[in-house]
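K.L.:
Heads up: the sequence shown begins at 21 in the numbering used here, then just goes up one per residue. I'd like to ask you about the structure that follows.
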Amino acid sequence: MADRVLRGSRLGAVSYETDRDTDLAPRRMAKYQTENGEVYEVPFADDAEIPGTWMCKNGQEGQLIDGPAVEVKKGKPPRTHWDMLLERRSLEDLEDLLKERMDLLKKRRRAGAR
């Protein structure tokens with residue numbers, strides 16, 4: 021019998037509280053614009069620091085309109101495999117290794133062709 025009483029109440033899914041007689045925290049709206057021209061607003065607390073960029077619902081990053089310019093962070097360029105190799109060996113060493121490997125491959129091909 022108790023199962024039938026709880027079946028229709030949707031416990032946990034719906035809040036029975038109302039917004040009447042409550043004061044919301046002060047907010048301010050920040051406007052952002054994506055590269056394709058879409059403008060959208062995001063609410064922030066009045067005392068929050070507003071970021072220069074914010075992701076839009078469409079997946080693009082929007083820039084803050086009428087706000088401080090976004091600072092470009094200086095970062096190190098990514099190191100490639102070639103850069104790391106040149107840290108360990110000189111070009112002359114690499115040329116010698118290449119010649120040795122090419123000679124070894126040529127010997128294997130000659131031996132396999134017989």
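Using N, Cα and C, we set each Cβ at its ideal position, and we do this for glycine too.
Looking at G72 and L84, is the spacing between their C-beta atoms short of 8 angstroms?
P.N.:
In the sequence shown, the residue the question calls residue 84 occupies position 64. In the sequence shown, the residue the question calls residue 72 occupies position 52. For L84 and G72, yes; Cβs fall inside 8 angstroms.
K.L.:
In three-state terms, what does DSSP make of A131?
P.N.:
On the sequence shown, position 111 is the one that residue 131 refers to. Correct three-state label for A131: helix.
K.L.:
Find the nearest neighbour of Q80 within the set D123, M104, Y52, H101, judged by alpha-carbon distance.
P.N.:
Taking the sequence shown and counting its residues from 1, one reaches residue 80 at position 60. For Q80, the nearest C-alpha among the options comes from Y52.
K.L.:
Among the candidates N56, R109, I70, whose CA atom is the shortest distance from the CA of N78?
P.N.:
As a working mapping, residue 78 is identified with position 58 in the sequence shown. Looking at the Cα atoms, N56 is the closest of the given residues.
K.L.:
Rank A50, E58, M75, V59 by C-alpha distance to the C-alpha of E69 and give the top, closest one.
P.N.:
Translated into the one-based positions of the sequence shown, residue 69 becomes position 49. Among A50, E58, M75, V59, the Cα nearest to that of E69 is on A50.
K.L.:
Between R47 and D66, how many whole angstroms is the CB-CB distance? I'm expecting something under 8 angstroms.
P.N.:
Your numbering for residue 47 matches position 27 in the sequence shown. Your numbering for residue 66 matches position 46 in the sequence shown. That pair is a contact at about 6 angstroms.
K.L.:
Alpha carbon to alpha carbon, what distance is there between V92 and G82?
P.N.:
The residue you call residue 82 lines up with position 62 of the sequence shown. The residue you call residue 92 lines up with position 72 of the sequence shown. Using only the alpha carbons, I get a separation of about 15 angstroms.
K.L.:
Compute the Euclidean distance between the alpha carbons of M75 and T38, then round it to the nearest angstrom.
P.N.:
Numbered from 1 along the sequence shown, position 55 holds the residue referred to as residue 75. Numbered from 1 along the sequence shown, position 18 holds the residue referred to as residue 38. Those two C-alpha atoms are separated by around 31 angstroms.
K.L.:
From K127 to K119, what distance separates their C-alpha atoms?
P.N.:
Residue 127 sits at position 107 when you count from the first residue of the sequence shown. Residue 119 sits at position 99 when you count from the first residue of the sequence shown. Approximately 12 angstroms, taken between the alpha carbons.
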